[in-house]
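Peer 1: Let me begin by handing over the structure; questions about it come next.
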Amino acid sequence: MRQPIEKLAVKPKHLSVILQILAENAPLAEVWAYGSRVNGNGHEGSDLDLVVKGDADLVQLQAAFQNSLLPMLVDIHQWERLPISFHTNILTNYVVLQGNG
Numbered sequence: 056m057r058q059p060i061e062k063l064a065v066k067p068k069h070l071s072v073i074l075q076i077l078a079e080n081a082p083l084a085e086v087w088a089y090g091s092r093v094n095g096n097g098h099e100g101s102d103l104d105l106v107v108k109g110d111a112d113l114v115q116l117q118a119a120f121q122n123s124l125l126p127m128l129v130d131i132h133q134w135e136r137l138p139i140s141f142h143t144n145i146l147t148n149y150v151v152l153q154g155n156g
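Sequential numbering of the sequence shown, starting at 56, is according to the numbering used here.
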């Protein structure tokens with residue numbers, strides 16, 4: 056179920072950086088956040104789980120996140136390469152960061 060972006064457990068200043076990195080490095084892709092930072096059971100040290108749908112250079116995107124000053128690890132996956140069981144899990148609770156969702 057799609058959740059509002061306010062449900063994502065990241066500080067507003069970090070969300071701004073995340074959205075900027077996505078816009079600059081994967082402008083045509085749809086990107087969702089999922090996992091503990093969406094489910095409400097994350098903590099300050101939790102990683103940010105992202106899934107990318109569509110055209111994006113994941114190596115470039117991962118490098119951009121690693122070179123940022125974000126205080127969290129960002130784990131990125133390509134939707135089309137994930138097993139259907141992951142799709143089902145992600146679809147239960149996600150936040151659209153970029154795209155129509």
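Positions of the beta carbon are idealized from the N, C-alpha and C atoms, including for glycine. This one's a predicted model, so the numbers in the text were calculated from it and none came from an experiment.
So within the stretch 104 to 129, which uninterrupted alpha helix (DSSP H) runs reach at least 4 residues, ignoring any that extend past its ends?
Peer 2: The qualifying runs are 113 to 121.
Peer 1: With a threshold of 8 Å, are at least 3 pairs of Cβ atoms found where one atom belongs to the stretch 92 to 101 and the other to the stretch 73 to 82?
Peer 2: The answer is no - the stretch 73 to 82 does not touch the stretch 92 to 101, with fewer than three Cβ pairs under 8 Å.
Peer 1: Taking three-plus beta-carbon pairs below 8 Å as touching, is the stretch 85 to 92 in contact with the stretch 137 to 152?
Peer 2: The answer is yes - the stretch 137 to 152 touches the stretch 85 to 92, with three or more Cβ pairs under 8 Å.
Peer 1: From 103, 94, 132 and 65, pick the residue whose C-alpha is nearest to that of residue 112; which is it?
Peer 2: It is 132.
Peer 1: Residue 61 by DSSP, collapsed to three states: which one?
Peer 2: Looking at residue 61 - three-state DSSP - the assignment turns out to be helix.
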